[in-house]
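Chains as they are written, first to last, in my numbering: chain A, 1 to 211; chain B, 1 to 469.
Scroll down for the structure; my scribbles are underneath it.
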Amino acid sequence: MKPFTIHTGIVATLNRANIDTDAIIPKQFLKSIERTGYGPNAFFDWRYTSAGEPNPDFELNQKRFEGRSILVTGNNFGCGSSREHAVWALVQDGYRAIIAPAKEMGEKSLPAFADIFRINAAKNGLLVIELSEDQVDKLLGLIETHKGLKATIDLVEQKIVLGTDPAHTFEFDIEPGTKERLLNGMDDIAQTLRYEKDITRFEESHDPLGS
Amino acid sequence: MGKTLFEKIWTKHKVRELPDGSTLLYIDRHLVHEVTSPQAFEGMRIAGHAIRAPHLAFATMDHNVPTTEERLNIDDPVSKNQVDALRKNCHDFGVKLFDIGDDHQGIVHVIGPEMGITLPGLTIVCGDSHTSTHGAFGALAFGIGTSEVEHVLVTQTLVQRKPGTYKMAFEGRPGPHVFSKDMVLKMIGAIGTAGGAGSVLEFCGEAVRALSMEARMTMCNMSIEAGARAGMIAPDDTTIDYITSKERPYAPRGENLDRAVAYWRTLPSDTDAEFDRSLTIDAARIAPQVTWGTNPGMVIDIDQPVPEPGSTEGYSRSDVDNALAYMGLKPGTKMTDVPVDVVFIGSCTNSRIEDLRQAAAILDGRKKADQVDLLVVPGSHQIRLQAEAEGLDKIFKAAGAQWRYAGCSMCLAMNPDQLQPRQRAAATSNRNFEGRQGKDGRTHLVSPEMAAAAAVAGKFVDIRQWLNT
Ligand code: SF4
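Okay, here's the thing in structure tokens:
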């Protein structure tokens, strides 16, 4: 897995809530038995016309987002199917980070990313950043008024610095375990195999049908 | 303080805590299908990893499988390649496979319970979000991605953060023609498609206790549509009857069964257990549900009109505008005036014998409307055989339905069963996302009775009144 430490890239926006993994990578591409080749098919049904041409009405096809590697999007991104193909498609389409807002609902807030998507992202070095609704609104406004805006995401410092003048900075939270894994590009299976003795000991006494 | 059902199973399966505060959790059963597993097996080959517990993994083919005779000879070379890959992987790694043509083949979430692979108190995972279905038995069951599939194959564990608990009580009894499908759609409408995020739902209350296992599976199946990590229902007599009343090849027997039952009786949440969140829903006030938009939370009572943009809590004006444009619906339209082109009765949500019986009861002595295509797809080959033994297939065929072989079919359009652009479907499945049943296809989620009635009427109907007319 490619480690994530610091990344600078153009920020693009796809301002819709509840973007599901069927929309990120439609089912016809799930027949592949490979781990690669999904990038050009990310957001397929929105991205291309029925004639197979780039759809000029799709936000991410705008010229000003060419070469983008950071995506700002809506709440509950990656909901629905557990398909890791969605994360592979985004990574292979050049995204290194996705930013989305938590949604405030009275006292509680709904997380920016669906659970399984968030886990799949971490396994593939894709950084997902949850900000507040206000922060994302501000970010969207700045992207709107600054064509080709770049941002630098520093995972060590947990900061997003926008290439505006003056620079705007957004701080973000991340689970320490996920942060460490991303920074080191760690292989989770190798990590777990360090505890193989614990697993064996557990199996010796585990009775799935008894208390 | 008492413990919840979830906490009891979580604690029992904790291998150890990890330095970052997460838990290494032991996995008792791993279900595998052709779509989300090939890259995991390939990863193992590349890394030289062995499978740790092949006897705890069970595989089948469901997503790609044609539901006609073509299934034994798949035309699409890409689908065939994926199906062949699973055969080879199961062979090479020693995993039990219920292949196409096997008497036990079917949708992965249908065959697990049917064969007694799914049992109370277990941890169950599958590279598929609707693994939540198995929670109906009081198991902790959740969907995982392909990297996690590989992690389970190699280590029989997963690294997990402890989710929160969310008690979902359905009090009172639903009226006639209101099913667990309507109950769970109502709930998703109330809390939203992210309302359960980070939580394990425990469904309880009088209306849940009264449900059959089939109906409980429908309910837990759709927990993921509320964004929940899992959904669970405490095991009780209904659960134990289901497991013991039929020959289920992987269920415990004799002394093992007695010991297991004693354990299962300890699983229900203690009366003084505390949940992180809770919600009570009055089941008596739930009407038959129908979705109008492009996610399962965009749902209304059948006797309500399509909502106006700006009037729906939790959705912005543009969310509603986009959804209505995609669905080809105008605000204010009565759902009972909306025609359907296709009716799909099937999927891991509603393809079990009880669902087929409900649909057959509506279709018995009636005919589908001429312009409607009606597809009835049993969830497993066992269900197909049972339905035929009960004569349900004859009712379906007489009503003009296509009676198919088991598979995911039109739930996700990875196989030949697909909607054409702008075709409108009444479907008993679980997702009405854009393109889910075919590019530009329009899906409305309903119960099996409502789907069957829509096939006859050629449009959505309020089943409660329609049956009296
Ligand atoms: S029936 Fe549909 S939801 Fe269920 S496993 Fe198959 S594709 Fe997934």
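Backbone N, C-alpha and C fix where the C-beta goes; we use that ideal spot for every residue, glycine too.
Note that the structure is a prediction, hence the values are computed from the model and not measured.
{"Asked": "Identified DSSP bridge partners for Gly143(B)", "Found": "Cys126(B)"}
{"Asked": "Sufficient close CB pairs (3 or more, under 8 Å) joining the stretch 55–63 of chain B to the stretch 401–420 of chain B", "Found": "yes"}
{"Asked": "Nearest to Met105(A) (by Cα), restricted to the options Ser269(B), Glu313(B), Glu7(B) and Lys14(B)", "Found": "Glu313(B)"}
{"Asked": "Members of the stretch 103–128 of chain B near chain A, C-beta cut-off 8 Å", "Found": "Leu119, Gly121, Leu122, Gly127 and Asp128"}
{"Asked": "Cα-Cα separation between Val213(B) and Val72(A), rounded to whole angstroms", "Found": "Inspection of the sequence shows that residue 213(B) is occupied by Met rather than by Val. Met213(B) and Val72(A): Cα-Cα distance of roughly 42 Å."}
{"Asked": "Range covered by the alpha helix (DSSP H) that runs through Gly231(B)", "Found": "No alpha helix (DSSP H) holds Gly231(B); the beta strand (DSSP E) holding it covers Ala230 to Met232."}
{"Asked": "Which of helix, strand or coil DSSP assigns to Ala284(B)", "Found": "helix"}
{"Asked": "Any non-hydrogen atom of the ligand SF4 within 8 Å of Leu25(B) CB", "Found": "no"}
{"Asked": "Among Ile191(B), Lys246(B), His444(B) and Pro416(B), the one whose alpha carbon lies nearest that of Gln423(B)", "Found": "His444(B)"}
{"Asked": "Chain B within 9 Å of Phe202(A), Cβ atoms only", "Found": "yes"}
{"Asked": "Under the three-state DSSP convention, the category Glu171(B) falls into", "Found": "strand"}
{"Asked": "Of the listed residues Ala359(B), Ile117(B) and Asp417(B), nearest to His506(B) (C-alpha basis)", "Found": "This structure cannot settle anything about residue 506(B), because the visible part of chain B is limited to 1 through 469."}
{"Asked": "Met298(B), DSSP secondary structure in three states", "Found": "coil"}
{"Asked": "Ile119(A): contacting residues in chain B (beta-carbon distance under 8 Å)", "Found": "Ile144, Gly145 and Glu148"}
{"Asked": "Sheet register partners of His444(B) (DSSP bridge)", "Found": "Ala426(B)"}
{"Asked": "Neighbourhood of Leu5(B) by C-beta distance below 7 Å, restricted to the same chain and skipping five residues each side", "Found": "Gly138, Glu202, Met232, Ala234, Leu267, Pro268 and Ser269"}
{"Asked": "Proximity of Met335(B) and Pro305(B) at Cβ, strictly below 9 Å", "Found": "yes"}
{"Asked": "Contact residues within the stretch 4–35 of chain A, judged by C-beta distance below 9 Å to chain B", "Found": "Asn15, Arg16, Ala17, Asn18, Asp20, Thr21, Asp22, Ala23, Pro26, Lys27, Gln28, Leu30, Lys31, Ser32, Ile33, Glu34 and Arg35"}
{"Asked": "Beta-carbon spacing of Asp355(B), Thr428(B) below 9 Å", "Found": "yes"}
{"Asked": "Near the ligand SF4: Ile107(B) beta-carbon under 8 Å from a heavy atom", "Found": "yes"}
{"Asked": "Per DSSP, cross-strand counterpart(s) of Ser278(B)", "Found": "Lys167(B)"}
{"Asked": "Range of the contiguous alpha helix (DSSP H) that encloses Phe117(A)", "Found": "Asp115 to Lys123"}
{"Asked": "Selection from Pro252(B), Arg253(B), Phe41(B) and Ile107(B) that minimises the alpha carbon distance to His381(B)", "Found": "Ile107(B)"}
{"Asked": "Ala114(A) versus Gly94(B) - alpha carbon distance", "Found": "33 Å"}
{"Asked": "Within chain E, partners of Thr192(A) - CB distance below 7 Å", "Found": "Absent from the structure is chain E; the protein chains it does hold are A and B."}
{"Asked": "Ser347(B) Cβ short of 8 Å to the ligand SF4 heavy atom set", "Found": "yes"}
{"Asked": "For Leu155(A) and Phe4(A), believed in contact at Cβ under 8 Å, the rounded distance", "Found": "5 Å"}
{"Asked": "Residues within the stretch 273–298 of chain B neighbouring chain A, beta-carbon criterion of under 9 Å", "Found": "Arg277, Thr294, Asn295 and Gly297"}
{"Asked": "Distance between beta carbons of Ser351(B) and Val377(B), contact taken as under 8 Å", "Found": "6 Å"}
{"Asked": "Inter-residue spacing [alpha-carbon to alpha-carbon] between Ser19(B) and Gly163(A)", "Found": "In the sequence as presented, Ser is not what sits at residue 19(B); that position holds Pro. Going from the Cα of Pro19(B) to the Cα of Gly163(A) covers about 37 Å."}
{"Asked": "C-alpha distance - Asn41(A) paired with Gly127(B), whole-angstrom precision", "Found": "21 Å"}
{"Asked": "Proximity test, Asp128(B) beta-carbon vs the ligand SF4 heavy atom, cut-off 8 Å", "Found": "yes"}
{"Asked": "Neighbour flag for Ala51(A) against chain B, beta carbons, 9 Å", "Found": "no"}
{"Asked": "Any chain B beta carbon closer than 9 Å to Asn41(A)", "Found": "no"}
{"Asked": "Residue nearest to Asp500(B) in terms of C-alpha spacing, selected from Ala454(B), Arg384(B) and Ile395(B)", "Found": "Here chain B has residues from 1 to 469 only, and residue 500(B) is not among them."}
{"Asked": "Any non-hydrogen atom of the ligand SF4 within 8 Å of Asp62(B) CB", "Found": "yes"}
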